[in-house]
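Down below is the structure, laid out as structure tokens.
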Amino acid sequence: MADSSGNQSKSRGVVAEYDTPDALIAAANRVREAGYTKTDAFSPFPVHGIDEAIGIKPTILPWIVLAAGTTGCLTGLSMETWMNAIDYPYIISGKPYISLPAFIPVAFELTILFSAFAAFFGQWALNGLPKFSNAMFTSPRFDAATDDKFFLYIDSADARFDDAGARALLDDTKPNVVEDVYDDKSSPNVPRFIYLAVLVLAVLSIFPLLVIADMRVTKSSKPRFHIFWDMDFMPSKKPQQKTILFADGRTMRPNVPGTVSRGNGEFDIDDQTGIQLEAMAGGGPDGSTQLVAFAQQADGDAAAQTPWVKENPLTIDRATLDRGRERFDIYCAVCHGRDGFGDGLVNQRAKKILATTWTQPTSLHDERLAADKMPDGQIFNTISNGIRKMPGYAGQIAVEDRWAIIAYLRVLQASRDATINEIPANKRAKLAREAEQLKKQIEAAEAEREKQAQAKKSAEPATEEAASEEPAAAEPKPATEEAKPAAEEKPATEEAKPAAEEKPAAEEAKPAAEEKPAAEDAPAAKEEPAAEAKPEAADEPAADQAAPADDKK
Numbered sequence: 001m002a003d004s005s006g007n008q009s010k011s012r013g014v015v016a017e018y019d020t021p022d023a024l025i026a027a028a029n030r031v032r033e034a035g036y037t038k039t040d041a042f043s044p045f046p047v048h049g050i051d052e053a054i055g056i057k058p059t060i061l062p063w064i065v066l067a068a069g070t071t072g073c074l075t076g077l078s079m080e081t082w083m084n085a086i087d088y089p090y091i092i093s094g095k096p097y098i099s100l101p102a103f104i105p106v107a108f109e110l111t112i113l114f115s116a117f118a119a120f121f122g123q124w125a126l127n128g129l130p131k132f133s134n135a136m137f138t139s140p141r142f143d144a145a146t147d148d149k150f151f152l153y154i155d156s157a158d159a160r161f162d163d164a165g166a167r168a169l170l171d172d173t174k175p176n177v178v179e180d181v182y183d184d185k186s187s188p189n190v191p192r193f194i195y196l197a198v199l200v201l202a203v204l205s206i207f208p209l210l211v212i213a214d215m216r217v218t219k220s221s222k223p224r225f226h227i228f229w230d231m232d233f234m235p236s237k238k239p240q241q242k243t244i245l246f247a248d249g250r251t252m253r254p255n256v257p258g259t260v261s262r263g264n265g266e267f268d269i270d271d272q273t274g275i276q277l278e279a280m281a282g283g284g285p286d287g288s289t290q291l292v293a294f295a296q297q298a299d300g301d302a303a304a305q306t307p308w309v310k311e312n313p314l315t316i317d318r319a320t321l322d323r324g325r326e327r328f329d330i331y332c333a334v335c336h337g338r339d340g341f342g343d344g345l346v347n348q349r350a351k352k353i354l355a356t357t358w359t360q361p362t363s364l365h366d367e368r369l370a371a372d373k374m375p376d377g378q379i380f381n382t383i384s385n386g387i388r389k390m391p392g393y394a395g396q397i398a399v400e401d402r403w404a405i406i407a408y409l410r411v412l413q414a415s416r417d418a419t420i421n422e423i424p425a426n427k428r429a430k431l432a433r434e435a436e437q438l439k440k441q442i443e444a445a446e447a448e449r450e451k452q453a454q455a456k457k458s459a460e461p462a463t464e465e466a467a468s469e470e471p472a473a474a475e476p477k478p479a480t481e482e483a484k485p486a487a488e489e490k491p492a493t494e495e496a497k498p499a500a501e502e503k504p505a506a507e508e509a510k511p512a513a514e515e516k517p518a519a520e521d522a523p524a525a526k527e528e529p530a531a532e533a534k535p536e537a538a539d540e541p542a543a544d545q546a547a548p549a550d551d552k553k
């Protein structure tokens, strides 16, 4: 078949040109319904619905990306498991070898990396890329596809393709023009000068590598070659150097007059660390003594040799102590307790659940924490940096509040062994009255306990004596036949015992005994009814009391 220029060339298909996207979609539907499958559409912008109109099937690219992402995730987890748990186990503070929270970042990165590679190279493979030429480029009208025209193409590789039939079908869709698409007549061979240019560039790229390798293994008498001159020779000065930029010749600039300090400006470096750094830096006035002697064993505990700050830099007044107590209750009392004995709520909870890894908080009243044994600076350092399982609070408690806590701590320690002379004079009288009242309450409680103990002790022999005399009192002849079984049987005797021990029972026995003194003395009441039962066994009250025993029997 001949193209528009009269040259013989192979036809690659038929293309139709349209003015609107609606016309393109209608034509695509018509071609798809005719049974063509190898078609394509071209437009200067995306046209919604064109995929369904042409009959493009869903791509498998998402599944490729999913598989690659899953592979990347498993690769990252497997790599970290092998490195951290098998090949070189990381034994750190009892942490697990396989820690998913720590593994997630690397696994996530590999998931993204594998997915990106799969999406990029997968679409290349599915689209048959790269393609350096396309038969559509041989049509001069196709340039309008990037401007305002729309094109529908039927490939000659389609099984149903027939040149005449395809042209007739496209003519029925009322296009602007229908024309054949021919092969590109240019040679498929890559020009030789391109090969030559690639070879020359490859050879030239070796020279920089050779120069770098030579410079790494040889010495040079010339100064270093500076590629970025302004970066290697920056117009900067060290603080103590001279400069011509300022009239006073000093590089380090003084504070602007009227500058207001912020943050911890009112505290010097010693108060911010709790250590006398100048004394720590060197023993002599010029600091000539070295802080650490290399390859020598320390003489003692480093904390004991540290020149701690001895005195609290704050003015100790009521406001400071109130502030210290407030901060203490917020940050310290949860573990050490509000009284400082180390029994705070957290410690109580740990003991309740039997936490095996819990460390008992130190009692702040321990002699080791006394002012003469542990300086304020050391306590400040402990609050700032922590000790054992106690974390550092430098990021949460301001410097001033840390010193206020220490001031309150010293008062709390002193309150444990305070004497009356340390109490303000205007409060001693009130304290003495409260102490006297408390003493009287204690004495009264002690006297009450002794009285109860004596009453209990005196009641025990009388109870035993009554229990031993009751069987003997029941043996003599009863006055009536009805009283005899009541005296012989155990239930009646047991009923008489509690009746004799309690006052109401003693009052019940009063008619039987007919004597007043027996009801007034509880111990005597236990014996009198049994003793007087002999002459008055015939009385009605005694018979009445024996009757319930017979009924129970």
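Counted the way UniProt numbering counts, the sequence shown spans residues 1 to 553.
A virtual CB, placed ideally from N, CA and C, is assigned to each residue, including glycine.
Helix or strand or just coil, what does DSSP make of residue i?
i                 : result
lysine 451        : helix
valine 31         : helix
residue 586       : Limits of the chain in this structure are 1 at one end and 553 at the other, which puts residue 586 out of reach.
isoleucine 275    : strand
phenylalanine 120 : helix
tryptophan 403    : helix
lysine 174        : coil
leucine 77        : helix
glutamate 179     : strand
methionine 83     : helix
serine 11         : strand
tyrosine 153      : strand
lysine 242        : strand
threonine 357     : coil
proline 375       : coil
phenylalanine 132 : coil
phenylalanine 225 : coil
What's the gap between the Cα of residue i and the Cα of residue j?
i                 : j                 : result
isoleucine 104    : serine 78         : 12 Å
phenylalanine 246 : tryptophan 403    : 41 Å
asparagine 134    : leucine 169       : 24 Å
arginine 167      : tyrosine 153      : 11 Å
glutamine 413     : alanine 333       : 14 Å
tryptophan 229    : proline 235       : 11 Å
arginine 368      : glutamate 422     : 23 Å
valine 15         : leucine 201       : 42 Å
aspartate 22      : serine 11         : 28 Å
methionine 136    : phenylalanine 207 : 44 Å
isoleucine 50     : tryptophan 82     : 50 Å
isoleucine 406    : alanine 398       : 13 Å
lysine 451        : lysine 440        : 16 Å
lysine 237        : threonine 251     : 7 Å
isoleucine 244    : asparagine 255    : 19 Å
lysine 352        : glycine 344       : 12 Å
aspartate 19      : alanine 144       : 10 Å
isoleucine 275    : aspartate 417     : 29 Å
alanine 370       : alanine 445       : 37 Å
Taking the beta carbon of residue i as the centre, do at least 16 other beta carbons fall within 10 Å, making it buried, or is it exposed?
i                 : result
arginine 160      : exposed
isoleucine 383    : buried
valine 181        : buried
leucine 409       : buried
histidine 48      : exposed
tyrosine 36       : buried
glutamine 240     : exposed
phenylalanine 117 : exposed
arginine 349      : exposed
aspartate 376     : buried
leucine 100       : exposed
serine 415        : exposed
histidine 226     : exposed
glutamate 514     : Its pLDDT being 43, under 50, glutamate 514 is placed unreliably by the model, and nothing is read from it.
isoleucine 92     : exposed
proline 175       : buried
isoleucine 194    : exposed
valine 309        : buried
threonine 138     : buried
Using CA atoms only, rank isn't needed, just tell me which of the options is closest to residue i.
i              : options                        : result
glutamate 109  : Cys73, Ile92, Ile60 and Met136 : Cys73
asparagine 127 : Ile60, Gln305 and Thr356       : Ile60
threonine 75   : Phe341, Ala34 and Ile112       : Ile112
valine 65      : Ala27, Lys95 and Phe121        : Phe121
proline 188    : Leu354, Phe132 and Pro223      : Phe132
Does the beta carbon of residue i fall short of 7 Å from some heavy atom of the ligand SAM?
i            : result
threonine 81 : Absence of the ligand SAM from the depicted structure is noted, as is the absence of any ligand whatsoever, leaving it without description.
Please report whether the beta-carbon of residue i lies at a distance below 8 Å from any beta-carbon of chain B.
i          : result
glycine 72 : Within the model displayed, chain B is absent; a lone protein chain is all it includes.
Touching by the beta-carbon criterion (3+ pairs, under 8 Å), the segment 143-151 and the segment 41-58
Contact holds: three or more Cβ-Cβ distances are below 8 Å.
Between the segment 391-403 and the segment 325-332, are three or more C-beta pairs nearer than 8 Å?
Yes, the segment 391-403 is in contact with the segment 325-332.
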